[in-house]
Amino acid sequence: MSGAEGQGGPEIGGGWGASHAADSEHPEQPAHFHFDAESEVQIEKIIRRYPPGKQASAVIPLLYIAQRQMKRQTGSAWVPRVAMDVVAARLGMAPIRVYEVATFYFMFNTRPIGKHHLQVCGTTPCWLRGSDEVLRACKDAGGLKGYGDTSADGLFTLTEVECLGGCVNAPVLQVDDDYYEDLDYESTVRLIEALKRGERPRPGSVIGRQASAPAGERTTLLDVPGE
Ligand code: FES
Numbered sequence: 002m003s004g005a006e007g008q009g010g011p012e013i014g015g016g017w018g019a020s021h022a023a024d025s026e027h028p029e030q031p032a033h034f035h036f037d038a039e040s041e042v043q044i045e046k047i048i049r050r051y052p053p054g055k056q057a058s059a060v061i062p063l064l065y066i067a068q069r070q071m072k073r074q075t076g077s078a079w080v081p082r083v084a085m086d087v088v089a090a091r092l093g094m095a096p097i098r099v100y101e102v103a104t105f106y107f108m109f110n111t112r113p114i115g116k117h118h119l120q121v122c123g124t125t126p127c128w129l130r131g132s133d134e135v136l137r138a139c140k141d142a143g144g145l146k147g148y149g150d151t152s153a154d155g156l157f158t159l160t161e162v163e164c165l166g167g168c169v170n171a172p173v174l175q176v177d178d179d180y181y182e183d184l185d186y187e188s189t190v191r192l193i194e195a196l197k198r199g200e201r202p203r204p205g206s207v208i209g210r211q212a213s214a215p216a217g218e219r220t221t222l223l224d225v226p227g228e
């Protein structure tokens, strides 16, 4: 992408918006993007957190807001280039600086993805606890060939991620913004089948572990007075 192509700016009679000529090289890129009313409410709260002149610090939250708006409007959570331009204009930044942030952080999708983003943690604790089986289940139940693939029905995109910070309940699969933990092949298949039915199982440990407490019965503090 070229920084020179970003031309964010105010629209007459509306909020901040941006538009591009149709991009024949990347036909998935929309020509226009505007923050909707729901996003505007969130943006107002976020920008108020920063002192005057420091609004550029809100770039990551605003990119998140843009990505979530795309999910609401299109079913796919991603940040088109024209949305980055809107963020740049809103925060008084050069578009290239927003592109740098959006392409550096892995949580921003710069291309359309499936309805559900399956993010398999393959780092050592999850790998030792069976992340290969979680990956196999994602492929089998989700109709996915491997990392980077989107299923033919558009329901799932599969991505490998590094440590999600939930190692204590490894292996972990992040689905969109939710963590599912203590998975194995069968529980991952059940989770994906539920997603296919339009259900959203409760996030967290699938074996009923309380937060990150040791699995099984309590073994310490058994004689706490008053209990
Ligand atoms: S290694 Fe998977 S959550 Fe840390």
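When you read off a place in the sequence shown, starting at 1, and then add 1, the result is the number in my numbering.
Each residue gets a CB set at the ideal place from its N, CA and C atoms; glycine is no exception.
Computed from a predicted structure; not experimentally measured.
Nearest-angstrom Cα separation, counted from residue j out to residue i
{"i": "Leu222", "j": "Gln211", "result": "16 Å"}
{"i": "Phe77", "j": "Pro28", "result": "Reading off the sequence, residue 77 comes out as Ser, not Phe. Each residue's Cα considered, the two are about 15 Å apart."}
{"i": "Ile208", "j": "Pro172", "result": "12 Å"}
{"i": "Gly4", "j": "Gly93", "result": "Any answer about Gly4 is weak, because its pLDDT of 33 lies below 50 and its placement is not dependable; what the coordinates show is given next. Cα to Cα, the separation comes out at about 14 Å."}
{"i": "Arg130", "j": "Leu184", "result": "9 Å"}
{"i": "Gly217", "j": "Ser206", "result": "13 Å"}
{"i": "Val99", "j": "Pro215", "result": "42 Å"}
{"i": "Leu145", "j": "Ala59", "result": "35 Å"}
{"i": "Cys164", "j": "Ala67", "result": "25 Å"}
{"i": "Val190", "j": "Ala89", "result": "41 Å"}
{"i": "Ile47", "j": "Pro226", "result": "46 Å"}
{"i": "Thr187", "j": "Ala138", "result": "The question names Thr, yet the displayed sequence has Glu at residue 187. Rounded to the nearest angstrom, the two C-alpha atoms are 7 Å apart."}
{"i": "Thr124", "j": "Val176", "result": "17 Å"}
{"i": "Pro113", "j": "Thr220", "result": "48 Å"}
{"i": "Gly54", "j": "Glu45", "result": "15 Å"}
{"i": "Asp133", "j": "Val121", "result": "9 Å"}
{"i": "Pro31", "j": "Ser213", "result": "42 Å"}
{"i": "Tyr148", "j": "Asp224", "result": "49 Å"}
Three-state secondary structure (DSSP) of residue i
{"i": "Thr189", "result": "helix"}
{"i": "Leu174", "result": "strand"}
{"i": "Leu223", "result": "coil"}
{"i": "Glu182", "result": "strand"}
{"i": "Thr151", "result": "strand"}
{"i": "Cys127", "result": "helix"}
{"i": "Phe105", "result": "helix"}
{"i": "Thr111", "result": "coil"}
{"i": "Lys140", "result": "helix"}
{"i": "Pro53", "result": "coil"}
{"i": "Val80", "result": "coil"}
Nearest-angstrom beta carbon gap, residue j and residue i [assumed within contact, 8 Å]
{"i": "Phe157", "j": "Val87", "result": "Incorrect: roughly 28 Å between the Cβ atoms, too far for contact."}
{"i": "Met85", "j": "Pro96", "result": "6 Å"}
{"i": "Ala103", "j": "Val80", "result": "6 Å"}
{"i": "Thr160", "j": "His117", "result": "Contact doesn't hold; Cβ gap of about 11 Å is too wide."}
Paired residues, beta bridge with residue i - DSSP
{"i": "Ser206", "result": "Glu182"}
{"i": "Glu161", "result": "Val121"}
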